[in-house]
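Note that the sequence shown covers residues 1 to 80 in UniProt numbering.
Virtual Cβ for every residue (Gly too), placed ideally from N, Cα, C.
Computed from a predicted structure; not experimentally measured.
Structure first, commentary second.
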Amino acid sequence: FQLKPYNPEHKPPGPKDLVYLEPSPPFCEKNPKLGILGTHGRQCNDTSIGVDGCDLMCCGRGYKTQEVIVVERCACTFHW
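Spelled out as structure tokens, the structure:
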């Protein structure tokens with residue numbers, strides 16, 4: 001049989017991805033009875049179409065973007 005994506009805009013599962021054949025409980029909202037923490041307040045990647053992407057993780061609620069500038073010491077040396 002041929003798998004059909006729930007949303008054709010999301011990337012298809014890869015060879016190492018786990019594919020469920022039965023519906024899973026909703027993970028967007030907190031459900032202590034099932035041990036589900038929900039996705040509120042989690043970081044997402046707004047350029048990803050994978051499971052870490054904001055479209056999937058934020059469950060259509062929308063999200064805020066934040067630009068972070070990180071300055072790191074590289075311990076580089078310059079040779080003439």
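Worksheet item: Is the segment 26-36 close to the segment 64-80, with three or more CB pairs under 8 Å?
Response: Taking a contact to require three or more Cβ pairs closer than 8 Å, the segment 26-36 and the segment 64-80 do not qualify as touching.
Fill in: Terminal residues of the alpha helix (DSSP H) in which His56 lies
For the record, residue 56 in the displayed sequence is Leu; it is not His. Boundaries of the alpha helix (DSSP H) around Leu56: 54-57.
Discussion item. Output needed for Lys64: all residues of its chain with C-beta closer than 8 Å, excluding positions within five of it in sequence on either side, in chain order.
Written reply: Excluding five sequence positions before and after Lys64, none of the CB atoms of its chain fall closer than 8 Å to its own CB.
Item to complete: Report buried or exposed for Cys54, applying the criterion of at least 16 other Cβ atoms within 10 angstroms of its Cβ.
Response: Sixteen is the threshold: when 16 or more other Cβ atoms of the shown chains lie within 10 Å of the Cβ of Cys54, as they do, the residue is buried.
Worksheet entry | Euclidean distance between Cα positions of Gly60 and Cys74 | Looking at the two C-alpha atoms, the distance is approximately 39 Å.
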